[in-house]
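K.L.:
Have a look at the structure that comes next, please.
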Amino acid sequence: MVADSSKRQQWTSGITRKTLQGYRAFFPAALPVSLDYPQETVRKLVRATAALHRLEGVVRGLGSIEMLTFPYIRLEAVLSSRIEGTVTTVNQLLEFEAASQSKASDDLREVYNHLRSLDYAVGRLSDLPISIRLIRETHRVLMQDVRGHHAAPGDFRTTQNWIGFPGSTLETASFVPPPPTEAKAAMGELETFLHDRRLPDLIAIGLAHYQFEAIHPFADGNGRIGRLLIILMLMERGILGRPVLYPSVFFEQHREDYYRLLGYTSRASDPFPWLDFFLGGLAAVAVDATRRAVSLVELQQRIRERLLEVRATSTALRLAEKLFGRPLTQVGTAATALGVSYATAQRAIDSLTNAGLLEEITGKRRNRFYAAREVIDIAYGFGDLSIEDDPSS
Numbered sequence: 001m002v003a004d005s006s007k008r009q010q011w012t013s014g015i016t017r018k019t020l021q022g023y024r025a026f027f028p029a030a031l032p033v034s035l036d037y038p039q040e041t042v043r044k045l046v047r048a049t050a051a052l053h054r055l056e057g058v059v060r061g062l063g064s065i066e067m068l069t070f071p072y073i074r075l076e077a078v079l080s081s082r083i084e085g086t087v088t089t090v091n092q093l094l095e096f097e098a099a100s101q102s103k104a105s106d107d108l109r110e111v112y113n114h115l116r117s118l119d120y121a122v123g124r125l126s127d128l129p130i131s132i133r134l135i136r137e138t139h140r141v142l143m144q145d146v147r148g149h150h151a152a153p154g155d156f157r158t159t160q161n162w163i164g165f166p167g168s169t170l171e172t173a174s175f176v177p178p179p180p181t182e183a184k185a186a187m188g189e190l191e192t193f194l195h196d197r198r199l200p201d202l203i204a205i206g207l208a209h210y211q212f213e214a215i216h217p218f219a220d221g222n223g224r225i226g227r228l229l230i231i232l233m234l235m236e237r238g239i240l241g242r243p244v245l246y247p248s249v250f251f252e253q254h255r256e257d258y259y260r261l262l263g264y265t266s267r268a269s270d271p272f273p274w275l276d277f278f279l280g281g282l283a284a285v286a287v288d289a290t291r292r293a294v295s296l297v298e299l300q301q302r303i304r305e306r307l308l309e310v311r312a313t314s315t316a317l318r319l320a321e322k323l324f325g326r327p328l329t330q331v332g333t334a335a336t337a338l339g340v341s342y343a344t345a346q347r348a349i350d351s352l353t354n355a356g357l358l359e360e361i362t363g364k365r366r367n368r369f370y371a372a373r374e375v376i377d378i379a380y381g382f383g384d385l386s387i388e389d390d391p392s393s
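Each step along the sequence shown adds one to the number in this note's numbering, with nothing skipped, and position 137 is 137.
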């Protein structure tokens with residue numbers, strides 16, 4: 001329902017009050033199941049819905065969905081982790097995976113765990129609804145053997161946490177979530193909300209993300225799990241069939257507004273500035289993901305024609321197809337993926353290198369990496385995401 005600001009239905013986000021221990025914390029109220037929307041929110045809801053619908057249509061028409069899921073979830077893992085201060089590049093992640101390395105920096109291991117947790121959660125959706133159980137299982141994967149793993153991976157916190165600048169205390173923090181007991185109860189209310197279908201889906205997803213961040217139920221990893229929740233809800237509600245959206249790219253580019261509007265919602269009991277930002281971000285990312293998908297399909301066709309002109313072998317053609325999902329490879333990796341000998345894989349790589357699809361990037365004589373630059377530039381390049389991108393363009 002659309003309403004002017006003077007008649008708009010009121011919702012109280014919660015209250016900030018002193019705890020028994022003497023510090024002040026935010027105690028969130030249950031999320032609303034009905035709202036009166038301002039015109040701007042309705043407009044952004046329509047735009048985001050159209051953009052996501054167009055993306056899903058393009059995805060359904062693809063022969064190989066991995067050409068999107070592989071890069072898109074890696075964009076999400078890298079940028080969601082970057083929001084939390086973990087600095088790893090996409091190239092570092094690709095090299096780590098392509099070489100099947102076991103050793104990694106702390107930052108790289110955290111990003112890789114984010115990737116694993118997203119894969120795990122998406123896989124579990126086939127037999128488990130989004131629930132406290134799934135959220136806790138996913139958190140366990142996220143925090144396994146990384147910094148913060150001592151903080152009971154998969155378990156809700158038993159101590160008070162807070163958000164603020166480095167060195168801040170409970171007294172100087174910019175935001176103090178509810179105490180542990182109240183946080184657990186609030187998660188129970190959120191679980192109920194996740195399965196309530198009275199609100200438009202995208203509104204519900206935006207509110208659920210806000211509420212999870214306000215509760216901050218874990219000792220660490222809350223932001224990454226909260227952003228992963230967005231993708232899971234888009235899939236569970238049938239808006240997307242696969243994880244082909246990377247909202248964290250938008251949130252990272254607009255990090256200051258992202259945090260400011262989440263905090264404003266708690267302080268002002270006004271969800272609409274946050275929802276407008278969130279819906280605009282979904283639309284922008286969906287438009288960007290659609291453009292990348294179309295460009296990758298066009299590049300795939302051009303490369304196939306190029307390889308047919310030079311009469312590339314069937315092995316080289318198969319490798320070229322796989323590079324659209326995994327654009328960084330080594331000879332051994334290619335041999336395993338194609339089920340061929342090392343020598344045959346090397347010849348296929350040489351063929352694609354001569355055709356201009358692959359480029360050796362290490363300059364070494366051994367342990368060489370080959371990159372499909374054109375694929376990487378399209379699939380992983382960062383452009384500025386404007387919230388006014390037109391879903392119909």
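For glycine and all other residues, C-beta sits at the position ideal for the given N, C-alpha and C.
(1) Does any CB atom of chain B fall closer than 8 Å to the CB of Y72?
(2) Using 10 angstroms around the beta-carbon of D389, count the other beta-carbons present and answer buried if the total reaches 16, otherwise exposed.
(3) By how many angstroms is the C-alpha of S269 removed from the C-alpha of T14?
(4) To the nearest angstrom, report how far apart M143 and F156 are at their CA atoms.
(5) Going by other Cβ atoms of all chains shown within 10 Å of its Cβ, with 16 needed for buried, is D196 buried or exposed?
(6) At which residues does the beta strand (DSSP E) containing R17 begin and terminate?
(7) Please report the Cβ distance between A355 and L307, rounded to the nearest whole angstrom; I am assuming they are in contact, meaning their Cβ atoms lie under 8 Å.
(8) Could you please give me the residues that DSSP links to R24 through a beta bridge?
(9) Given T362, which residues of its chain have a CB within under 8 Å of its CB, disregarding the five upstream and five downstream residues?
(10) For T290, which residues of its own chain have a beta-carbon under 7 Å away from its beta-carbon, when the five flanking residues on both sides are left out?
(11) Taking only the alpha-carbon atoms, compute the straight-line gap between Y23 and F165 and give it to the nearest angstrom.
(12) Following the continuous alpha helix (DSSP H) through I378, name the residue where it begins and the one where it ends.
(13) Go through its chain and collect everything with a Cβ distance to I205's Cβ below 7 Å, but skip five positions before and after it.
(14) When you measure from the CB of L307 to every non-hydrogen atom of the ligand PLP, does any distance come out below 7 Å?
(15) Taking all protein chains shown into account, decide if P129 is buried (16 or more other Cβ within 10 angstroms of its Cβ) or exposed.
(16) Looking at C-alpha atoms only, which residue of Y112, D350, G263 and Y37 is the closest neighbour of V446?
(17) Pick helix, strand or coil for E84, following the three-state DSSP scheme.
(18) Hey, could you find the ends of the alpha helix (DSSP H) H114 is sitting in?
(19) Is there contact here, the stretch 106 to 114 with the stretch 266 to 281, by at least three beta-carbon pairs under 8 Å?
(20) Buried or exposed: which applies to D220, given that a residue is buried once 16 or more other Cβ atoms fall within 10 Å of its Cβ?
P.N.:
Reading from the atomic positions:
(1) Reference to chain B is not applicable here, since this structure consists of a single protein chain.
(2) Only weak support is given to the placement of D389: the predicted model assigns it a pLDDT of 45, under 50, and the value that follows is read from those uncertain coordinates. With 16 or more other Cβ atoms within 10 Å, it is buried.
(3) Before going on, a small fix: residue 14 reads as Gly here, not Thr. Distance between the alpha carbons of G14 and S269: 8 Å.
(4) 13 Å
(5) exposed
(6) G14 to K18
(7) 6 Å
(8) K18
(9) R368 and F369
(10) R54, L55 and V58
(11) 18 Å
(12) R373 to Y380
(13) I230, M233 and L234
(14) What this structure holds is no ligand at all, so the ligand PLP is not there to describe.
(15) exposed
(16) With the chain running from 1 to 393 in the structure shown, residue 446 is simply not present.
(17) coil
(18) D106 to R124
(19) no
(20) buried
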